[in-house]
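Residue numbers (my numbering): 22 to 368.
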């Protein structure tokens with residue numbers, strides 16, 4: 022049977038509009054079922070992704086320098102593992118909603134932050150950090166506080182401008198100085214781990230002689246630093262004396278036959294000045310000593326004696342994580358200050 026249409030043009034337009042509606046409906050349904058990303062917002066950002074606004078009471082804080090952006094996610098609960106996904110442009114961190122009380126971002130001076138998003142459409146919480154470069158980005162739990170997750174995002178393709186060899190004294194069967202169940206080898210490893218985080222944020226590549234409870238022979242320590250062509254060497258120790266009256270901090274250096282004498286003395290002075298800035302430590306100054314790790318390293322090097330385990334006041338401070346973290350910050354500042362002075366003298 023032949024159907025007559027009074028207005029063929031109007032009929033054609035209506036058919037096109039109807040077909041377009043059907044096409045859009047089918048596309049939207051298939052997109053939802055397949056989980057296709059919304060490219061109008063950005064790679065790995067779905068329509069449910071929301072940018073975090075800066076907030077003074079935020080659960081995420083931002084600190085940055087010329088090398089890295091450092092985000093700190095403050096959680097309610099202790100975190101043992103960080104579940105992450107890394108894509109070309111984003112790092113995704115998966116958390117439970119119970120981990121964070123209030124999801125908001127506190128930037129320096131409460132500035133607007135445009136590269137952090139969250140997505141809670143899947144029942145759990147996904148925090149998305151936009152990368153500037155694909156390499157040299159880090160996510161880890163703060164070693165001094167397992168309620169903090171650290172995200173370091175590189176602001177340069179290669180953010181590392183110098184390398185530092187970091188030695189945690191003793192280890193394994195060599196417990197170092199000890200009083201009761203307080204062992205030097207454990208304290209020095211904690212300080213070195215904290216210092217690694219602070220140095221990295223400042224743009225230093227860190228070479229550690231050990232990152233676990235094991236003994237590294239003295240003959241190997243200098244070799245590790247030399248083979249890495251490190252710019253500086255720092256060995257971390259705690260002191261002990263049979264007389265408990267002795268206390269405080271000292272920095273040791275060695276300049277055999279005047280080798281790098283000015284540089285080694287200046288490095289020791291610079292780092293000693295930083296080490297005594299917090300926690301009311303006695304300043305015992307810098308001392309020249311023929312220690313093997315100082316004698317065999319080819320770069321300016323120091324050995325730090327950070328408090329006496331034999332002294333009750335020093336020992337009490339050395340059991341506190343906040344004190345050890347202050348040591349780490351001050352070591353990083355001392356390294357930074359020394360190299361800044363060195364740079365200024367050559368310009």
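For glycine and all other residues, C-beta sits at the position ideal for the given N, C-alpha and C. Every value quoted in this text rests on a predicted model; they were computed, and no experiment measured them.
So what's residue i in DSSP terms, helix, strand or just coil?
i           : result
residue 53  : With a pLDDT of 41 at residue 53, under the threshold of 50, the modelled position of that residue is not reliable, and the figure given next carries that caveat. It is helical.
residue 139 : strand
residue 263 : coil
residue 154 : coil
residue 247 : helix
residue 202 : coil
residue 240 : helix
residue 95  : strand
residue 122 : coil
residue 324 : strand
residue 195 : strand
residue 291 : helix
residue 61  : Any reading at residue 61 needs caution, since the residue's pLDDT is 23, under 50, leaving its predicted position unreliable; the model's value is listed next. Three-state result, residue 61: coil.
How far does the alpha helix (DSSP H) with residue i in it reach, from first residue to last?
i           : result
residue 276 : First-last for residue 276: undefined, no H or E at that position.
residue 220 : 205-222
residue 336 : 333-339
residue 315 : 313-316
Rank the options by C-alpha distance to the C-alpha of residue i and give the top, closest one.
i           : options               : result
residue 303 : 274, 331 and 268      : 268
residue 90  : 151, 100 and 141      : 151
residue 163 : 306, 230, 216 and 134 : 216
residue 359 : 183, 339 and 109      : 183
residue 336 : 262, 165 and 255      : 262
residue 112 : 157, 291, 85 and 86   : 157
residue 136 : 81, 186 and 264       : 81
residue 235 : 72, 195 and 340       : 195
So, under 8 angstroms CB-CB, residue i and residue j are touching, yes? Tell me the CB distance rounded to an integer number of Å.
i           : j           : result
residue 320 : residue 253 : 6 angstroms
residue 126 : residue 145 : That belief does not hold up - the Cβ atoms of residue 126 and residue 145 are roughly 19 angstroms apart, past 8 angstroms.
residue 96  : residue 121 : 6 angstroms
residue 323 : residue 289 : 5 angstroms
residue 123 : residue 138 : In fact, because the Cβ distance is near 16 angstroms, the residues do not count as touching under 8 angstroms.
residue 205 : residue 190 : 7 angstroms
residue 273 : residue 241 : Not confirmed; about 20 angstroms, so no contact.
Over the uninterrupted beta strand (DSSP E) stretch that includes residue i, give me the two end residues.
i           : result
residue 151 : 146-151
residue 306 : 304-309
residue 104 : 104-107
Problem - Three CB pairs or more closer than 8 angstroms across the stretch 214-225 and the stretch 343-361 - result: yes
Handout entry: Segment contact flag, the stretch 83-102 with the stretch 161-174, C-beta cutoff 8 angstroms, min 3 pairs
Key = yes
Exercise for the section: Say whether the stretch 258-275 touches the stretch 328-343, bearing in mind that this needs 3 or more beta-carbon pairs closer than 8 angstroms, one atom from each stretch. Expected result: yes
Practice task
Decide yes or no for the touch test of the stretch 209-216 against the stretch 334-350: beta carbon pairs closer than 8 angstroms, at least 3 of them.
Solution key: yes
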